[in-house]
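Residue 89 is where the sequence shown starts when you use the working numbering, and the numbers rise one by one after that.
Cβ coordinates follow ideal geometry from the N, Cα and C atoms, glycine included.
Here the structure comes first, spelled out in structure tokens, and everything after it is commentary.
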Amino acid sequence: MKKLIAIVTMVSMLALAACGGGEKAPAVSDGGGDKILFVIAGGKLGDQAANDASWSGVQKYCEETGAECSAFEMAELQDFDSTVRAYCDKGFNLVICNSSQVSEFVPQVAESYPDVKFVISEGTSGEGLDNLLNIRFRIAEAGFVSGAFAALMNQEINGKMETAFIGGVRNPDLDRAQYGFAAGAKYVGGNSTPVFVGNFTDAAKAKELSTQLFSGDVRIMQAWAGGANTGIFEAAKSMGEGYYTMGGATGQFHMSDSIIASLVKNTDIAMYDACKMALGGEWKSGTIGLGLAEDSVGIKYAPDGRDEPIPQEIKDKVEEIRKKIIAGEIKVPSTEEEYAEFEATLK
């Protein structure tokens, strides 16, 4: 039966708000008994980036199975405990969290609700709990091939092996992508400049930072700043022909013609599969790692001929690097210390 999209009533919003801060998003109503809560800690829905991609995977599962799903935007991390407990008490039997930021809060709630499954994207806690699954994306691997591509492509454009990585807020998840990207650029003889907006929403600040970089030797850069990515895309458009960007999430190609390739993280597929595992009788607790070998992260080229400026030789080189990573021939760094060690091996 086709599901209807229902807006949560103000009464229920206020009732849940009493238990914790945040904003209630639309819910898919009337299910087959299963209820899924998607918790957003960091950013909001509507970012056209990781949050929207993850939520779309949950929605797809609900539309196919009749499960009920609801999203909650967490205003304050300290409200996680009381808010999630309120949902569990209302019969929600699967809680999916979009960020490692809630890792320290989840185990205590999970212990109190053994019949509720908990999934944390990029989670780092709760080992040993039968009802908790951490999904860890090896995003540094995708960063590496993307950084190599960006440096090579920048050289193709203006002869300079320079590129840049524009992030939102520094955190362990973002650092893994950034250090992988920098290592990939360094591997092919280039250099990447990391710059951070300070949040995931300030598009004006992102545009200002990226315009400064475009005014130098950078002609293609990686956008990894959530909703603020729009400012990076606008900067490339303002600069005119020969200035490009790389999107995130599942590609973001619809957002700008400047995006000729993207560092992708297929969270939509991962969240859909997590729902199937939790509610379809295939549950596995602990930690699952997803990377290039699983085709869960990687580099994706723009469709519709927009990747025409990219020489086949660059694509071939990037594919060669991708295969070496999967084969274990290249050890990809994901922290500052690992990056320093990696850089030393190239000297």
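Excluding sequence positions up to five away, which residues of its chain have a Cβ less than 6 Å from the Cβ of residue i?
{"i": "lysine 388", "result": "Gly339, Ser350 and Val352"}
{"i": "threonine 153", "result": "none"}
{"i": "alanine 337", "result": "Ala137, Ala138 and Ala141"}
{"i": "alanine 440", "result": "Residue 440 is absent from the model: the chain starts at 89 and stops at 435."}
{"i": "glycine 278", "result": "Ala239 and Met249"}
{"i": "serine 187", "result": "Ala129 and Gly130"}
{"i": "glycine 263", "result": "The residue asked about is misnamed: residue 263 is aspartate in this sequence, not glycine. There are no such residues."}
What's the C-alpha gap between residue i and residue j?
{"i": "lysine 132", "j": "phenylalanine 126", "result": "12 Å"}
{"i": "alanine 271", "j": "leucine 301", "result": "19 Å"}
{"i": "leucine 217", "j": "asparagine 317", "result": "37 Å"}
{"i": "valine 420", "j": "alanine 265", "result": "10 Å"}
{"i": "glycine 235", "j": "leucine 380", "result": "15 Å"}
{"i": "tyrosine 427", "j": "alanine 155", "result": "44 Å"}
{"i": "aspartate 177", "j": "serine 158", "result": "14 Å"}
{"i": "isoleucine 398", "j": "asparagine 181", "result": "47 Å"}
{"i": "glycine 368", "j": "glutamate 151", "result": "15 Å"}
{"i": "serine 326", "j": "glycine 247", "result": "22 Å"}
{"i": "leucine 165", "j": "valine 172", "result": "11 Å"}
{"i": "alanine 129", "j": "alanine 138", "result": "12 Å"}
{"i": "lysine 293", "j": "phenylalanine 341", "result": "22 Å"}
{"i": "isoleucine 407", "j": "glutamine 310", "result": "Note that residue 407 is glutamate in the sequence shown here, rather than isoleucine. Approximately 18 Å, taken between the alpha carbons."}
{"i": "arginine 394", "j": "tyrosine 175", "result": "45 Å"}
{"i": "glycine 315", "j": "lysine 372", "result": "32 Å"}
{"i": "valine 276", "j": "phenylalanine 168", "result": "43 Å"}
{"i": "arginine 410", "j": "glycine 286", "result": "31 Å"}
{"i": "phenylalanine 269", "j": "serine 303", "result": "21 Å"}
{"i": "glycine 121", "j": "glutamate 370", "result": "18 Å"}
{"i": "glutamine 189", "j": "glutamate 161", "result": "13 Å"}
{"i": "phenylalanine 225", "j": "alanine 362", "result": "13 Å"}
{"i": "isoleucine 418", "j": "glycine 179", "result": "47 Å"}
{"i": "glutamate 329", "j": "serine 346", "result": "9 Å"}
{"i": "glutamate 396", "j": "aspartate 404", "result": "14 Å"}
{"i": "leucine 297", "j": "glutamate 425", "result": "26 Å"}
{"i": "glycine 134", "j": "glycine 231", "result": "24 Å"}
{"i": "leucine 378", "j": "asparagine 354", "result": "10 Å"}
{"i": "isoleucine 402", "j": "lysine 295", "result": "28 Å"}
{"i": "proline 260", "j": "lysine 364", "result": "27 Å"}
Determine the DSSP secondary structure at residue i, reduced to helix, strand or coil.
{"i": "tryptophan 371", "result": "coil"}
{"i": "phenylalanine 237", "result": "helix"}
{"i": "tyrosine 389", "result": "strand"}
{"i": "phenylalanine 193", "result": "coil"}
{"i": "glycine 319", "result": "helix"}
{"i": "threonine 333", "result": "strand"}
{"i": "leucine 221", "result": "strand"}
{"i": "phenylalanine 168", "result": "helix"}
{"i": "glycine 339", "result": "coil"}
{"i": "glycine 314", "result": "helix"}
{"i": "isoleucine 308", "result": "strand"}
{"i": "phenylalanine 180", "result": "coil"}
{"i": "glycine 377", "result": "strand"}
{"i": "glutamate 161", "result": "strand"}
{"i": "serine 350", "result": "strand"}
{"i": "isoleucine 208", "result": "strand"}
{"i": "glutamate 417", "result": "coil"}
{"i": "glutamate 401", "result": "helix"}
{"i": "glutamate 156", "result": "strand"}
Ordered along the chain, which non-local residues of its own chain (more than five positions away) have a Cβ less than 8 Å from that of residue i?
{"i": "isoleucine 308", "result": "Ala238, Met241, Asn242, Ile245, Thr251, Tyr331, Tyr332, Thr333, Met334 and Ile348"}
{"i": "methionine 343", "result": "Gln136, Asn317, Thr318, Phe321 and Gly335"}
{"i": "threonine 281", "result": "Glu250, Thr251, Ala252, Phe253, Leu301 and Val306"}
{"i": "glutamine 196", "result": "Asp169"}
{"i": "glutamate 429", "result": "Pro421"}
{"i": "alanine 198", "result": "Val204, Phe206, Gly214, Leu217, Asn219 and Leu220"}
For the putative contact between residue i and residue j, defined by C-beta atoms under 8 Å, what is the C-beta separation to the nearest angstrom?
{"i": "isoleucine 184", "j": "valine 146", "result": "6 Å"}
{"i": "glycine 211", "j": "isoleucine 223", "result": "7 Å"}
{"i": "tyrosine 267", "j": "threonine 423", "result": "6 Å"}
{"i": "aspartate 356", "j": "serine 144", "result": "5 Å"}
{"i": "isoleucine 413", "j": "glutamate 229", "result": "5 Å"}
{"i": "glycine 256", "j": "alanine 313", "result": "4 Å"}
{"i": "tyrosine 360", "j": "lysine 148", "result": "5 Å"}
{"i": "lysine 205", "j": "alanine 366", "result": "4 Å"}
{"i": "threonine 299", "j": "alanine 323", "result": "5 Å"}
Residues in its own chain within less than 7 Å of residue i by CB, not counting five upstream and five downstream?
{"i": "proline 202", "result": "Asn219"}
{"i": "glutamate 431", "result": "Lys274"}
{"i": "arginine 258", "result": "Phe284"}
{"i": "serine 191", "result": "Ile208, Gly211, Thr212 and Ser213"}
{"i": "proline 391", "result": "Phe341"}
{"i": "lysine 435", "result": "none"}
Closest Cβ-Cβ distance between residue i and chain C: below 8 Å?
{"i": "methionine 343", "result": "Of the protein chains in the structure, only one exists, and it is not chain C."}
- prompt: What residue ranges within the segment 245-304 form continuous beta strand (DSSP E) runs of no fewer than 3 residues, ordered along the chain?
  reply: 250-255 and 279-284
- request: Mind listing, in chain order, the continuous alpha helix (DSSP H) runs of no fewer than 4 residues lying wholly within the segment 121-154?
  value: 138-153
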